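Engineer: Position in the sequence shown (from 1) plus 331 gives the number in the numbering used here. Take a look at the following structure, please.
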Amino acid sequence: MREIWRIMKKVPQRFIKLSSLILLFIFIILKVAVLPFQINSSENLDYLKKGILDMLTSRISVEGKVVVLENKLVSEVLSQINESPTTEEAIRKIGTQLGVDFIISGSLTKIGDSVSIDAKMFDLKEKKSVTSLFATSKGLDNVIPEISEFALKANSRITGKPYSVYSSPPPPPPPTASEEASAFMSGFLVPKKGKGPSSDTGSEFVMSGDPLRLKKGFWKSQRLDFGIKGIAVGDVDGDGKKETVVIDKNSIYIYRYSEDRLALIKKIKGKKSDNYLSLDVADINKNGISEIFVTNLVDTRLESFVMEFQKGDFVKIEPAGINYFFKVIETSKNGSMLLGQKAGLDGLFYGGVTQLVWKDNKYMEEKNIPLPRNAIVYGFNLIDVDKDGKEEIVLIDNYDNLKVFSNSGELMWKSDEIYGGTKNFLTKYPS
Numbered sequence: 332m333r334e335i336w337r338i339m340k341k342v343p344q345r346f347i348k349l350s351s352l353i354l355l356f357i358f359i360i361l362k363v364a365v366l367p368f369q370i371n372s373s374e375n376l377d378y379l380k381k382g383i384l385d386m387l388t389s390r391i392s393v394e395g396k397v398v399v400l401e402n403k404l405v406s407e408v409l410s411q412i413n414e415s416p417t418t419e420e421a422i423r424k425i426g427t428q429l430g431v432d433f434i435i436s437g438s439l440t441k442i443g444d445s446v447s448i449d450a451k452m453f454d455l456k457e458k459k460s461v462t463s464l465f466a467t468s469k470g471l472d473n474v475i476p477e478i479s480e481f482a483l484k485a486n487s488r489i490t491g492k493p494y495s496v497y498s499s500p501p502p503p504p505p506p507t508a509s510e511e512a513s514a515f516m517s518g519f520l521v522p523k524k525g526k527g528p529s530s531d532t533g534s535e536f537v538m539s540g541d542p543l544r545l546k547k548g549f550w551k552s553q554r555l556d557f558g559i560k561g562i563a564v565g566d567v568d569g570d571g572k573k574e575t576v577v578i579d580k581n582s583i584y585i586y587r588y589s590e591d592r593l594a595l596i597k598k599i600k601g602k603k604s605d606n607y608l609s610l611d612v613a614d615i616n617k618n619g620i621s622e623i624f625v626t627n628l629v630d631t632r633l634e635s636f637v638m639e640f641q642k643g644d645f646v647k648i649e650p651a652g653i654n655y656f657f658k659v660i661e662t663s664k665n666g667s668m669l670l671g672q673k674a675g676l677d678g679l680f681y682g683g684v685t686q687l688v689w690k691d692n693k694y695m696e697e698k699n700i701p702l703p704r705n706a707i708v709y710g711f712n713l714i715d716v717d718k719d720g721k722e723e724i725v726l727i728d729n730y731d732n733l734k735v736f737s738n739s740g741e742l743m744w745k746s747d748e749i750y751g752g753t754k755n756f757l758t759k760y761p762s
């Protein structure tokens with residue numbers, strides 16, 4: 332040891348400093364965050380969501396050089412911030428909060444047999460999108476190969492090595508849900524055949540993206556320059572065609588499909604203090620024109636409202652603020668049903684869930700909906716799962732498990748997997 336020390340004393344100081352810098356450079360590890368992919372489908376594709384995350388993590392990670400943050404850490408940060416990763420600005424902000432060098436965000440949309448994958452990786456230092464993927468296909472068979480290739484390209488851009496030098500094993504088949512769950516859930520998880528919008532039907536699907544990248548059987552809207560908090564489709568002006576209604580924090584946007592794009596026909600701006608939480612469209616008063624139901628929470632006070640097209644313009648049916656969290660569900664027996672739940676002094680849900688009907692020119696409570704304890708107006712539906720003529724209660728519990736209850740309140744089934752999860756939240760205030 333003394334001999335080594337004598338040798339080190341003879342080495343010029345500038346070389347020691349240079350060596351330290353080289354060692355420091357060698358041990359720099361780049362960090363990458365993968366945000367949960369947004370899945371847009373009438374089918375349950377949560378297994379594919381997990382498969383995409385696992386694929387990206389395994390393909391991008393390089394021992395000692397590139398590390399992908401654990402999904403648990405990413406989820407914790409997402410749950411703590413009031414920011415939805417729908418715009419590049421929001422995604423970069425989340426990446427900065429996570430302290431990463433690169434961040435990946437994407438979505439997968441399935442309508443009928445048409446599948447679209449849209450993903451981007453952002454370099455937080457260079458302030459630009461460095462790698463992107465857009466692909467469409469028939470069926471889910473090509474999803475994993477496309478994600479695998481995107482991951483290899485992302486790895487190449489991160490490490491600076493040509494991605495052709497990387498070799499990957501044949502992609503494993505996508506994992507499937509258990510046979511028991513599949514057999515039970517097949518009664519209500521039935522994919523709907525979808526098609527692009529036409530002049531007769533209005534828009535059936537909206538997603539931010541480049542309208543030039545189109546494939547047969549699939550359509551995407553132009554990019555919308557605001558964060559979407561709610562979206563619904565219905566004939567809101569009585570012309571027999573479906574419009575697409577969208578909300579952000581305090582504005583309503585009404586679009587009509589025209590010339591291969593969404594044309595804005597009306598923007599209804601609210602007050603700065605408004606905070607729109609949810610949006611529904613349905614013809615509850617049965618006059619042939621769908622109403623627009625907006626849940627609006629101003630601090631701890633609900634000021635929800637309903638709009639309808641009358642005499643050439645959209646007007647509020649009941650101008651005074653309505654103390655209800657609104658939700659429209661599509662039941663297997665009675666079609667569209669308007670539900671409401673009141674807010675307490677702390678701004679959270681209070682009391683039970685009630686069906687609301689149009690009577691005497693206003694919305695009135697019709698009957699209470701018998702639900703399990705702690706169930707709220709959001710996150711449940713009434714479906715005849717076992718085809719016995721009686722509607723069961725299908726809901727997401729507080730731990731994001733899917734549960735099915737009989738109409739008498741008996742638990743019939745509970746999922747092992749987590750199916751829920753949302754970035755929407757309410758803040759509890761002292762009552």
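We treat Cβ as the ideally placed atom computed from N, Cα and C, and that holds for glycine. Being a predicted model, the structure only gives us computed values, none of them experimental.
With a threshold of 16 other CB atoms inside 10 Å of the CB of Ser445, please say whether the residue is buried or exposed.
Structural biologist: The residue you call residue 445 lines up with position 114 of the sequence shown. By the neighbour-count rule (16 or more Cβ atoms within 10 Å), Ser445 is buried.
Engineer: Helix, strand or coil for Gln428, going by three-state DSSP, please let me know.
Structural biologist: Translated into the one-based positions of the sequence shown, residue 428 becomes position 97. Three-state DSSP puts Gln428 in a helix.
Engineer: For a test of the three-state rule: what should DSSP assign to Phe557, helix, strand or coil?
Structural biologist: If you number the sequence shown from 1, residue 557 lands on position 226. Residue state, collapsed to three classes: coil.
Engineer: Roughly how many angstroms lie between the CA atoms of Glu419 and Asn606, to the nearest whole one?
Structural biologist: Looking up residue 419 in the sequence shown gives position 88. Looking up residue 606 in the sequence shown gives position 275. About 22 Å.
Engineer: Can you check whether the CB of Ile578 is closer than 8 Å to the CB of Gly561?
Structural biologist: Here residue 561 is taken as the residue at index 230 of the sequence shown, counted from 1. Here residue 578 is taken as the residue at index 247 of the sequence shown, counted from 1. For Gly561 and Ile578, yes; Cβs fall inside 8 Å.
Engineer: Among the candidates Met743, Tyr694 and Asp691, whose CA atom is the shortest distance from the CA of Asp715?
Structural biologist: Mapped onto the sequence shown, residue 715 falls at position 384. Ranking Met743, Tyr694 and Asp691 by Cα distance to Asp715 puts Met743 first.
Engineer: Measuring straight from C-alpha to C-alpha, what distance separates Lys441 and Ser468?
Structural biologist: Counting from one through the sequence shown, the residue named residue 441 turns up at place 110. Counting from one through the sequence shown, the residue named residue 468 turns up at place 137. Distance between the alpha carbons of Lys441 and Ser468: 10 Å.
Engineer: Identify the continuous alpha helix (DSSP H) that holds Thr626 and give its terminal residues.
Structural biologist: On the sequence shown, position 295 is the one that residue 626 refers to. Where Thr626 is concerned, there is no enclosing alpha helix (DSSP H), although the beta strand (DSSP E) it sits in stretches over Glu622 to Val629.
Engineer: Got a sec? Which residues, its chain only, sit under 6 Å from Thr685 by beta carbon, not counting five neighbours each side?
Structural biologist: For the purposes of this step, residue 685 is identified with residue 354 of the sequence shown, where counting begins at 1. The residues are Gly671, Glu696 and Asn699.
Engineer: Could you check if Gly533 is buried or exposed, using at least 16 other CB atoms within 10 Å of its CB as the buried criterion?
Structural biologist: Stepping through the sequence shown from its first residue, residue 533 is reached at position 202. The predicted position of Gly533 is uncertain, since its pLDDT is 37 and thus under 50; no value can be drawn from it.
Engineer: Using 8 Å as the cut-off, can you tell me whether the segment 586-598 makes contact with the segment 625-635, which would need three or more C-beta pairs spanning the two stretches below that distance?
Structural biologist: With the cut-off at 8 Å, the segment 586-598 and the segment 625-635 do not touch.
Engineer: Expressed to the nearest angstrom, what Euclidean distance is found between the alpha-carbon atoms of Lys380 and Lys458?
Structural biologist: The residue labelled residue 380 in the question sits at position 49 within the sequence shown. The residue labelled residue 458 in the question sits at position 127 within the sequence shown. Computed Cα separation, rounded: 27 Å.
Engineer: Would you list, in sequence order, the uninterrupted beta strand (DSSP E) runs of no fewer than 3 residues that lie entirely inside the segment 626-701?
Structural biologist: Qualifying beta strand (DSSP E) stretches, in chain order: 636-641, 644-647, 656-662, 666-674, 680-690 and 693-699.
Engineer: Anyone know if the C-beta pair for Val637 and Val564 falls short of 8 Å?
Structural biologist: The residue given as residue 637 occupies position 306 in the sequence shown. The residue given as residue 564 occupies position 233 in the sequence shown. For Val637 and Val564, no; Cβs fall outside 8 Å.
Engineer: According to DSSP, is Thr575 helix, strand or coil?
Structural biologist: Locating residue 575 in the sequence shown gives position 244, where the first residue counts as 1. In this structure, Thr575 counts as strand in the three-state DSSP scheme.
Engineer: Under 8 Å between the Cβ atoms of Val474 and Val431?
Structural biologist: Position 143 of the sequence shown, counting from 1, holds the residue named residue 474. Position 100 of the sequence shown, counting from 1, holds the residue named residue 431. No, these two residues do not count as a Cβ contact at 8 Å.
Engineer: Thinking Leu471 and Pro416 are a contact (beta carbons under 8 Å), I'd like their distance in whole angstroms, please.
Structural biologist: Translated into the one-based positions of the sequence shown, residue 471 becomes position 140. Translated into the one-based positions of the sequence shown, residue 416 becomes position 85. With 8 Å as the limit, Leu471 and Pro416 do not qualify as a contact, their Cβ atoms being about 24 Å apart.
Engineer: Ignoring anything shorter than 4 residues, give me the alpha helix (DSSP H) runs that lie fully in the segment 364-421, in order along the chain.
Structural biologist: Here the runs fully enclosed are 377-391 and 402-411.
Engineer: Which residues in the same chain as Lys396 place their Cβ atom closer than 8 Å to its Cβ, once the five residues preceding and following it in sequence are excluded?
Structural biologist: For the purposes of this step, residue 396 is taken as residue 65 along the sequence shown, with counting starting at 1. For Lys396, where only same-chain residues beyond five positions count, the Cβ hits under 8 Å are Ile360, Leu361 and Thr490.
Engineer: Exposed or buried, Ala651, counting other C-beta atoms within 10 Å across all chains shown (16 or more means buried)?
Structural biologist: Numbered from 1 along the sequence shown, position 320 holds the residue referred to as residue 651. By the 10 Å Cβ count, Ala651 comes out exposed.
Engineer: Going by alpha carbons, who is nearest to Ile620 out of Lys572, Gly710, Gln369 and Tyr655?
Structural biologist: Mapped onto the sequence shown, residue 620 falls at position 289. Residue Lys572 is the option with its Cα nearest to Ile620.
Engineer: Could you tell me which residues DSSP puts in a beta bridge with Val725?
Structural biologist: Here residue 725 refers to the residue found at position 394 when the sequence shown is read from its first residue. Val725 pairs with Asn712 and Val735.
Engineer: Would you call the segment 655-668 and the segment 705-714 in contact, with 3 or more CB pairs under 8 Å?
Structural biologist: Output reads yes: the segment 705-714 touches the segment 655-668.
Engineer: In three-state DSSP terms, what is Leu610?
Structural biologist: Here residue 610 is taken as the residue at index 279 of the sequence shown, counted from 1. Looking at Leu610 - three-state DSSP - the assignment turns out to be strand.
Engineer: Let me make sure I understand the geometry here. Which of Glu477, Asp644, Pro703 and Arg632 has the alpha-carbon closest to that of Gly678?
Structural biologist: Counted from its first residue, the sequence shown places residue 678 at position 347. Taking only the C-alpha atoms, the option nearest Gly678 is Arg632.
Engineer: Quick one: residues in its chain with C-beta nearer than 7 Å to the C-beta of Asn402, no 5 flanking neighbours on either side, listed in chain order?
Structural biologist: Position 71 of the sequence shown, counted from the start, is the residue given in the question as residue 402. Correct list, in chain order: Leu384.
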